[in-house]
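Asks:
Numbering (the working numbering), first residue to last: 1 to 131.
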């Protein structure tokens with residue numbers, strides 16, 4: 001009788017340990033997903049920063065051909081990179097490729113609506129006023 005009670009208690013302990021192990025596994029997987037998400041976000045921010053710094057440098061030196069080539073390569077790898085799209089629009093505007101500039105500004109507006117006021121509208125107004 002006592003052995004039967006001990007076996008029942010061990011079975012209950014086994015199930016409790018299985019539940020604890022499952023909960024721990026869920027917590028570990030959740031934490032790993034968070035870490036991976038942070039790594040991806042940090043990598044994107046770093047990539048955006050590198051694109052921005054290089055684009056500003058080439059833009060300030062009026063190296064529009066080199067800048068366009070650089071940005072085309074980035075947009076092949078990251079087609080929805082707002083920073084690259086913005087600088088591609090600015091590059092085309094400065095190179096007098098007005099229609100292409102408009103296309104890129106409209107693409108940026110659709111991709112990042114929060115950028116519209118500061119990064120899209122002033123340039124579209126400039127295009128409309130000058131052309």
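Just so you know, even glycine gets a beta-carbon here, dropped at the ideal spot from N, CA and C.
Treat the numbers as computed from the prediction; the structure is a model and nothing was measured.
If we ignore side chains and look at the alpha-carbon of each, how far apart do residue 39 and residue 33 end up?
Replies: 10 Å
Asks: So is residue 83 buried or exposed if we call it buried at 16+ other beta carbons inside 10 Å?
Replies: buried
Asks: Going by the CB atoms, is the gap between residue 59 and residue 107 shorter than 8 Å?
Replies: no
Asks: Comparing alpha-carbon positions, which option in 11, 96, 37 and 103 lies nearest residue 64?
Replies: 96
Asks: Relative to the C-alpha of residue 92, which residue among 69, 77, 19 and 76 is closest?
Replies: 69
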